[in-house]
Amino acid sequence: MTRRNFDQHLVLTVRRDCLVEDSLKGVSAAIGSGTDDIKKGLRIIFSDLANHTILTIKS
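Here it is in structure tokens:
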């Protein structure tokens, strides 16, 4: 699982079979980093798909 900045989105790359665990780790890392990443829109990339499906959640 990875987390990276992508313009105005917080991007979480998660595995479908570990969706909750990977998401919580990524969000916890964003909160712990002390940056404003947690205020950004959320973009989720499912890493276990061939085409890397991207889900964008607007706030």
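Numbering follows full-length UniProt numbering, with no gaps: position 30 of the sequence shown is 30. For each residue, glycine too, the CB sits at the ideal point set by N, CA and C. All values reported here derive from a predicted model rather than from experimental measurement.
L19 counts as exposed, since fewer than 16 other beta carbons sit within 10 angstroms of its beta carbon. Bounds of any alpha helix (DSSP H) do not take in G41; it lies within the beta strand (DSSP E) bounded by G41 to F46. DSSP places D22 in the uninterrupted alpha helix (DSSP H) bounded by L19 to G32. A29 has its alpha-carbon roughly 12 angstroms from the corresponding atom of V11. If you draw a straight line from the Cα of D48 to the Cα of K40, it comes to about 24 angstroms.
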